[in-house]
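Just below is one structure, and these are the notes that go with it.
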Amino acid sequence: MAEPTIALEIFRYHPEQGEAPSFRRYEIPYREDWVVLDGINYIKDQIDGTLAYRWSCRMGVCGSCGMMINGTPRLSCAAFLREYFPNPVRVEPLAHFPVERDLVIVMDDFMHKLREVKPWLIRGQETPLSEGEYRQTPAEVDEYKQYSMCINCMLCYAACPVYGLEPRFLGPAAIALAQRYNLDSRDEGRRERQEVLNTEEGIWDCTLVGECTTACPVHVDPAGSIQRAKVTATVDWYKDVLLPWGKR
Amino acid sequence: MNPWQNTNSAADQMHEMLEHDILVIGGGAAGLRAAIAAVQTNPRLNVAIVSKVYPMRSHTVSAEGGAAAVIKSNDSLEEHINDTITGSDWLADQDVVEAFVREAPDELLQLEHWGCPWSREPDGSIAVRPFGGMTIERTWFAADKVGFHLLHTLFQTSLKFESLTRYDEWFATKLLVENGRCQGVSAIELRTGEVRLLLAKAVILCTGGAGRIYPFTTNGAIKTGDGMAMAYRAGVPLKDMEFVQYHPTGLPGTGILITEAARGEGGILVNKDGYRYLQDYGMGPPDPWPRLRAMELGPRDKISQAFVHEMRKGRTIAGPYGDVVHLDVRHLGETKIDTKIPFVRELAHRYAGIDPVHEPIPVRPVVHYMMGGVHTDINGATPIAGLYAAGESACVSINGANRLGSNSLTECLVFGARAGRHAAAFAAHHRSLDRAALAAQARDEAKRVAGLDGTDGGTERIAMLRTEMTRAMEEGTGIYRDEGSLSKACDVLRTLRDRFARIRLDDRTRSFNTELIAALELECMLDVAEAVAHSALARTESRGSHQRTDHPKRDDARFLKHTLAYSTDGAPRIDYLDVVITRWPPAERVYGR
Amino acid sequence: MGEAVSRPYRRTMPATWWLTNRAYFLFMVRELTSVFIAIYLVLLLVLISKVAAGREAYEAYLTFLGTPAVLAFHVLALAAALYHSITWFNLAPKGLVVRVRERRVPDAIIAGSNYLAWIAVSALLWWVVL
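Protein chains in written order, with the numbering used here: chain A, 1 to 248; chain B, 1 to 593; chain C, 1 to 130.
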């Protein structure tokens, strides 16, 4: 019996060749335990060396290989061909980002936004290392742990229609990262980050579609982080209005 | 309206020289730590990180189990030193190990102060777990995504330093050495495909290992030994390259790592009869259990070697991707699995189709780590002035013939920081640059890279050469080697090098040409693979991870020495360097008792 | 090799983006429920003004409200209000994280207490009105 095959329809765009993007169809062997990335690697090695894409760890932690797979943002190392077989699989670069070439998107905007939220521990007073670790109970770790799991794969940006319509929106991962530090008992930088978060392009652009959380491969729940940030910002506002003499 | 609107950007395509005080090549744990150390040592210095991937993609991200440092009151520096030296089969430099163990706690505390989410004891202090080959629990962890948290903490912290520039997705192709000093690199900017000249007063290589020279490895696609090859070509010897670590527990087929923490937390290894076979290979007795530095908490080299013996006895389990044994964590229970090793559960479920709460995990030994690397001194300095190296790409020599699990993340931090500080001091005192000569070198390199596409009648496909190389390495330089297998590997690698000169690329464009990068990576891997095979052929003894079936005994009289492999036009030239022995004379390596 | 260029393609979102995926569609439906609720409020405000305008105007308006089309609208508006409330309560645990003795209160309890409060307020109104 002939070996089963599956078709991958891959988005192709090359800046030097000037033309509009197109889809190219590749017929590859079907293996039950192959992920979409294995199929793409097969194409690169055996059929067409010109295909450009990013990948590295192939175990869902480096965040390189996010792609639109049949219209859904996924890590191509975690999307199995068997989920689609025998139908063809359509592979496109992550939605809402400019495309550098083929499946490679431009991530400058995302990298810029990550830095915007000051994702580092901010403290009024640094304690010397000789005094040992900052104490933090397991419950205090749990408070922010979920938001520290973000692998920067940007699937949430590709899932977010608000980001697609309004690219100035700070976006799910950056806000979740801000919350990761805001909720860390060792951190004292919430007021500083609030200047970026509590703005129209910050948390208030979010209309709670919730697809960022659905897309997240590591269960960060960015939608939840944004809603929590909204609640906190609202409480801050009431405190400022009702208790203007109170200590901030 | 056309939905595919075109925009012009990145208009500046000038060929200017880019100049910094220090260039760090690689953005993983060692590179980021080195860069931060350099700017903190001297805030006036202009430091840049050049990395072929965005830093958070670096392979540090895949480390799972933990990072070792003495912090608990029941532990001592002496014990950590002793464990590391014993683990290395006495091939580690003992002065370096002492410095490493002494500086380790502050480095991990520094990470804590930068926000790393270390797992905690109920009282809020740092929690530690047991790890293979360690006498006392001293491995700090953040569940089982330690490398991930460490890398992201370092990367996020690096963002606050204004004087730190990054060249993300720039692939360094050559070290520019002029007047005996390393004064920069040439690098391909992936986005445009341009070969650019980056000048600096000091260069730090933090480019990671080269697991991809083997077909079955835990290493990500980017681990292609680029920095090792660059240094090697520039004349720096590669040290102790024959020592390649096999991790005992990788998933069959993919080679995905199942962390040693699974055993640290109490997991056991059993053969097809459900028998804890490690007791037959000098790591028992099995009881009392759990016990540190015994059985499943033995060193990686011995556990991987035991697998081979079990397989030869026919006591392993046949599977679609070769024989396996079972890593059983069921007795830990769902709650402990989900708090201590959740990633293990996720990986086993996704990539092996089993739930470790209910079934044992099929595992087999898999190439994991290069103990060898760019020869450096205790400060990360290489024999070329102005060139430093740290992390897996370097061999500062704390790992010797076998690295202990959880020492490598700490190594990245301790020696990344050391290299950063020393490079900062060097850069402050060597301000001149030979600009004209460097520009000429960079122009030649650009020509060489442009000529790689095979337009002049090449026929060889890089994927094919890569497959043949990895097969030769697996067959010739695996867990057990002998003269015949090694000589054959050396011969095959030589012919592959000749064939590499005749490669042909499908992609002859410039923007994000990943096929060209793959070709350059293959060229690097061929250099590194040759250094591994020839170093292994020359070492006619067995030590740690280097097991010669034709020379099964350790031979301290002849080989208590580091191997140094030098690049030549033909086969590598092999030389030796004495191991630094201070207070711990070589002895028998004993586990289980 | 060709010229070194970087010329990224920018894709724009089609106006029908919300029809491309079930989750987007349901999200848009939730947003659109506000239209029904707004119209309902207008009708309610008119009702109040009719009460002030006298018995005749009030009864004429009641007749208008009793016409099948207006009744059908009210059924739709009720459905919209229910849809919006239910999806909103189900999302409440996302914004509200409560801890009792170091353990996070499960989502079901947070959402459930919202429903309970809803029922209690509705019952109170029922009692006041009838």
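Don't be surprised by glycine CBs; every beta carbon is placed ideally from N, CA and C. No experiment lies behind these values; they were computed from the predicted model shown.
Between the stretch 141-161 of chain B and the stretch 92-103 of chain B, are three or more C-beta pairs nearer than 8 Å?
no
Apart from the five residues on each side of it in sequence, which residues of its chain come closer than 7 Å, Cβ to Cβ, to glycine 164 of chain A?
Ala95, His96
Please classify threonine 127 of chain A: is it buried, with 16 or more other beta-carbons within 10 angstroms of its beta-carbon, or exposed?
exposed
Just to confirm, are leucine 91 of chain C and leucine 242 of chain A a CB contact at a threshold of 9 Å?
no
Do alanine 427 of chain B and asparagine 42 of chain B have their C-beta atoms within less than 9 Å of each other?
The Cβ-Cβ distance between alanine 427 of chain B and asparagine 42 of chain B falls below 9 Å.
From the DSSP output, in three-state form, read off proline 55 of chain B for me.
helix
I'd like the ranges of any beta strand (DSSP E) spanning at least 3 consecutive residues and lying wholly in the stretch 282-349 of chain B.
325-328
Beta strand (DSSP E) runs wholly inside the stretch 97-174 of chain B, at least 3 long, in chain order
164-168
Give a yes or no on whether 9 Å exceeds the smallest Cβ distance from isoleucine 28 of chain A to chain B.
Not closer than 9 Å to any Cβ of chain B, the Cβ of isoleucine 28 of chain A fails to qualify, so no.
Taking CB distances under 9 Å as the criterion, tell me whether histidine 14 of chain A reaches chain B.
Among the CB atoms of chain B, one or more fall inside 9 Å of the CB of histidine 14 of chain A.
Euclidean distance between Cα positions of threonine 568 of chain B and alanine 587 of chain B
36 Å
Determine, using beta carbons only, whether valine 36 of chain A comes closer than 9 Å to chain C.
no
Provide the residue(s) that pair with valine 104 of chain A in DSSP beta bridges, ordered along the chain.
A:Arg101
Within chain C, partners of valine 231 of chain A - CB distance below 8 Å:
Neighbours of valine 231 of chain A on chain C, chain order: Gly95, Leu96.
If I'm right that leucine 409 of chain B touches alanine 142 of chain B with Cβ under 8 Å, what's the distance once you round it to whole angstroms?
11 Å between Cβ atoms; not a contact.
How is the alpha helix (DSSP H) around cysteine 156 of chain A delimited, first residue to last?
155-159
Between the stretch 63-81 of chain B and the stretch 125-142 of chain B, do at least 3 Cβ pairs fall closer than 8 Å?
yes
Could you say which of A:Ala174, A:Ala223, A:Glu100, A:Phe85 lies nearest to threonine 5 of chain A if we only look at CA atoms?
Looking at the Cα atoms, A:Phe85 is the closest of the given residues.
Need the endpoints of the alpha helix (DSSP H) that phenylalanine 89 of chain C sits in, please.
68-95
For alanine 419 of chain B, which residues from the same chain have a beta carbon less than 6 Å from its beta carbon, with the 5 sequence-adjacent residues on both sides left out?
Excluding sequence neighbours, alanine 419 of chain B sits near Ala34, Ile204, Gly380, Tyr388, Ala390.
Taking only beta-carbon positions, decide if tyrosine 53 of chain A is within less than 9 Å of chain B.
yes
Does the Cβ of asparagine 402 of chain B have 16 or more other Cβ atoms within 10 Å, making it buried, or fewer, making it exposed?
buried
Taking the Cβ atom as the reference point for each residue, do isoleucine 213 of chain B and methionine 525 of chain B lie within a distance shorter than 9 Å?
yes
Can you tell me where the beta strand (DSSP E) with glutamate 166 of chain A in it begins and where it stops?
Premise fails: glutamate 166 of chain A is in no beta strand (DSSP E) and is neither H nor E.
Straight-line CA distance for leucine 125 of chain C to lysine 160 of chain B?
56 Å
Nearest-angstrom beta carbon gap, serine 58 of chain B and glycine 27 of chain B [assumed within contact, 8 Å]
Yes, glycine 27 of chain B and serine 58 of chain B are in contact; Cβ-Cβ is about 5 Å, under 8 Å.
Arginine 248 of chain A burial status per 10 Å Cβ neighbour count (16 or more: buried):
Because arginine 248 of chain A carries a pLDDT of 47, less than 50, the predicted location of this residue cannot be relied on, and the following value inherits that uncertainty. Exposed.
Reducing DSSP to helix, strand and coil, say where serine 186 of chain B ends up.
strand
Looking only at its own chain, which residues have a Cβ that is under 6 Å from the Cβ of aspartate 550 of chain B, when we skip the five neighbours before and after it?
Asp482, Glu483
Are the CB atoms of methionine 111 of chain A and tyrosine 54 of chain B within a distance shorter than 9 Å?
yes
Length-filtered (3 minimum) beta strand (DSSP E) runs lying within the stretch 61-148 of chain A
For the stretch 61-148 of chain A, whole beta strand (DSSP E) runs of length 3 or above, ordered along the chain, are 66-69, 72-75, 89-92, 99-101.
What does the Cβ neighbour count give for tryptophan 170 of chain B, buried or exposed, with the cut at 16 atoms within 10 Å?
buried
What is the rounded straight-line gap between the Cα of glutamate 140 of chain A and the Cα of tyrosine 238 of chain A?
26 Å
Is the separation between the beta-carbon of valine 367 of chain B and that of threonine 218 of chain B shorter than 9 Å?
yes
In this structure, what does DSSP give as the bridge partners for valine 50 of chain B?
For valine 50 of chain B, DSSP records a beta bridge to B:Ile25, B:Tyr167.
By a C-beta neighbour count over all protein chains shown, 10 Å radius and 16 as the cutoff for buried, is asparagine 152 of chain A buried or exposed?
buried
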